[in-house]
Amino acid sequence: MFAGFRAGYLLRALPTLLRPSEVRARAFLAWETAGLRLDETWRRVYALAATVPGRKLIAGGRPRTAGLRMPVLVLLAENSRAHHAAEVAEEARRTLPQGQVVLLPGATRHSLPLTAPKPLNDRLIDFLG
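Written out as C-alpha coordinates, the structure is:
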(Lines of atoms letter the chains of each structure in order from A and count residues from 1; the text may use other names and numbers.)
(Lines give C-alpha, C1' and ligand atoms only; values in the text may rest on other atoms or scores of the structure.)
Protein backbone atom coordinates (compact mmCIF):
# COMPACT_ATOMS: atom_id res chain seq x y z
CA MET A 1 0.00 0.00 0.00
CA PHE A 2 1.14 3.49 -0.71
CA ALA A 3 -1.29 5.16 1.70
CA GLY A 4 -3.07 4.43 4.94
CA PHE A 5 -6.70 3.47 5.15
CA ARG A 6 -9.39 6.15 5.24
CA ALA A 7 -10.73 6.70 8.75
CA GLY A 8 -14.31 6.03 7.59
CA TYR A 9 -13.26 2.70 6.12
CA LEU A 10 -11.65 1.61 9.38
CA LEU A 11 -14.69 2.70 11.39
CA ARG A 12 -16.96 0.68 9.10
CA ALA A 13 -14.67 -2.35 9.37
CA LEU A 14 -14.31 -2.18 13.16
CA PRO A 15 -17.48 -4.12 14.16
CA THR A 16 -16.53 -6.97 11.83
CA LEU A 17 -12.97 -6.99 13.13
CA LEU A 18 -13.93 -6.87 16.82
CA ARG A 19 -16.95 -9.20 16.82
CA PRO A 20 -17.02 -10.99 13.49
CA SER A 21 -20.22 -12.52 12.20
CA GLU A 22 -21.64 -13.42 8.81
CA VAL A 23 -24.18 -10.62 9.11
CA ARG A 24 -21.53 -8.00 9.89
CA ALA A 25 -19.22 -9.24 7.15
CA ARG A 26 -22.05 -9.12 4.59
CA ALA A 27 -23.05 -5.62 5.72
CA PHE A 28 -19.48 -4.37 5.43
CA LEU A 29 -19.07 -5.96 2.00
CA ALA A 30 -22.32 -4.40 0.77
CA TRP A 31 -21.16 -0.98 1.96
CA GLU A 32 -17.63 -1.36 0.58
CA THR A 33 -18.80 -2.52 -2.84
CA ALA A 34 -21.40 0.27 -3.01
CA GLY A 35 -24.24 -2.05 -3.92
CA LEU A 36 -22.52 -3.74 -6.87
CA ARG A 37 -24.12 -7.02 -7.89
CA LEU A 38 -21.73 -9.68 -6.69
CA ASP A 39 -21.74 -13.43 -7.08
CA GLU A 40 -23.69 -14.91 -4.17
CA THR A 41 -21.25 -17.79 -3.68
CA TRP A 42 -18.36 -15.35 -3.39
CA ARG A 43 -20.32 -13.19 -0.92
CA ARG A 44 -21.09 -16.27 1.16
CA VAL A 45 -17.45 -17.37 1.24
CA TYR A 46 -16.42 -13.84 2.24
CA ALA A 47 -18.97 -13.80 5.07
CA LEU A 48 -18.07 -17.28 6.29
CA ALA A 49 -14.38 -16.41 6.35
CA ALA A 50 -15.12 -13.81 9.02
CA THR A 51 -16.27 -16.55 11.38
CA VAL A 52 -13.41 -19.03 11.02
CA PRO A 53 -12.27 -19.96 14.54
CA GLY A 54 -8.75 -18.82 15.34
CA ARG A 55 -8.51 -16.53 12.31
CA LYS A 56 -5.92 -13.79 12.52
CA LEU A 57 -5.94 -10.38 10.98
CA ILE A 58 -2.89 -9.96 8.78
CA ALA A 59 -1.89 -6.44 7.88
CA GLY A 60 1.43 -5.70 6.28
CA GLY A 61 3.35 -2.49 6.31
CA ARG A 62 3.88 -0.20 3.39
CA PRO A 63 6.22 -1.56 0.73
CA ARG A 64 9.85 -0.55 0.71
CA THR A 65 10.36 0.73 -2.79
CA ALA A 66 13.65 2.62 -2.54
CA GLY A 67 15.91 -0.05 -4.03
CA LEU A 68 13.55 -1.67 -6.49
CA ARG A 69 14.85 -1.80 -10.06
CA MET A 70 12.56 -4.42 -11.61
CA PRO A 71 9.28 -3.67 -13.36
CA VAL A 72 6.36 -3.35 -10.97
CA LEU A 73 2.63 -3.43 -11.67
CA VAL A 74 0.32 -1.64 -9.24
CA LEU A 75 -3.38 -2.34 -9.76
CA LEU A 76 -5.83 -0.13 -7.91
CA ALA A 77 -9.61 -0.19 -7.60
CA GLU A 78 -10.93 3.10 -8.96
CA ASN A 79 -13.86 3.22 -6.50
CA SER A 80 -12.07 1.93 -3.42
CA ARG A 81 -13.56 3.14 -0.17
CA ALA A 82 -10.39 2.09 1.65
CA HIS A 83 -8.16 4.67 -0.06
CA HIS A 84 -8.31 7.68 -2.33
CA ALA A 85 -7.27 5.71 -5.42
CA ALA A 86 -6.03 8.71 -7.40
CA GLU A 87 -3.79 9.80 -4.52
CA VAL A 88 -2.45 6.28 -4.05
CA ALA A 89 -1.76 6.08 -7.79
CA GLU A 90 0.12 9.37 -7.67
CA GLU A 91 2.25 8.18 -4.75
CA ALA A 92 2.94 4.86 -6.47
CA ARG A 93 4.04 6.65 -9.64
CA ARG A 94 6.27 8.97 -7.63
CA THR A 95 7.98 6.17 -5.68
CA LEU A 96 8.10 3.63 -8.52
CA PRO A 97 9.22 5.44 -11.67
CA GLN A 98 9.72 2.08 -13.41
CA GLY A 99 6.25 0.96 -12.36
CA GLN A 100 3.00 0.71 -14.25
CA VAL A 101 0.10 2.07 -12.22
CA VAL A 102 -3.42 1.22 -13.33
CA LEU A 103 -6.80 2.27 -11.96
CA LEU A 104 -9.35 -0.43 -12.77
CA PRO A 105 -12.65 1.26 -13.65
CA GLY A 106 -15.73 0.55 -11.57
CA ALA A 107 -13.90 -1.71 -9.12
CA THR A 108 -13.84 -1.44 -5.32
CA ARG A 109 -11.27 -2.97 -2.99
CA HIS A 110 -13.27 -6.15 -2.40
CA SER A 111 -14.86 -6.40 -5.85
CA LEU A 112 -11.71 -5.98 -7.92
CA PRO A 113 -11.53 -9.41 -9.60
CA LEU A 114 -15.31 -9.61 -10.05
CA THR A 115 -16.06 -6.11 -11.29
CA ALA A 116 -13.31 -5.66 -13.84
CA PRO A 117 -12.12 -9.16 -14.81
CA LYS A 118 -11.22 -8.36 -18.42
CA PRO A 119 -9.20 -5.20 -17.70
CA LEU A 120 -7.58 -6.99 -14.76
CA ASN A 121 -6.64 -10.04 -16.83
CA ASP A 122 -5.50 -7.92 -19.78
CA ARG A 123 -3.17 -5.87 -17.55
CA LEU A 124 -1.77 -8.97 -15.86
CA ILE A 125 -1.16 -10.74 -19.18
CA ASP A 126 0.46 -7.63 -20.71
CA PHE A 127 2.71 -7.22 -17.70
CA LEU A 128 3.67 -10.88 -17.30
CA GLY A 129 3.74 -11.73 -21.00
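So for the sequence shown, numbering that gives the first Met the number 0 puts the first residue at 0; every next one is plus one. Positions of the beta carbon are idealized from the N, C-alpha and C atoms, including for glycine.
- A distance of 7 Å or more separates the beta carbons of Ala84 and Leu72.
- Between the region 45–55 and the region 18–25, the count of Cβ pairs shorter than 8 Å is three or higher; the stretches touch.
- When secondary structure is reduced to three states using DSSP, Gly98 falls in the strand class.
- Comparing C-alpha distances from Thr32 to each of Asp125, Pro70, Pro112 and Leu119 shows the shortest one belongs to Pro112.
- With fewer than 16 other CB atoms across the displayed protein chains lying within 10 angstroms of its CB, Leu123 is exposed.
- Residue pairing by DSSP leaves Ala88 without any beta bridge partner.
- According to DSSP, residue pairing for Val73 in a beta bridge involves Val100.
- Inter-residue distance for Arg68 and Pro116 is about 28 Å (C-alpha atoms, whole angstroms).
- Secondary structure of Val22 (DSSP, three-state): helix.
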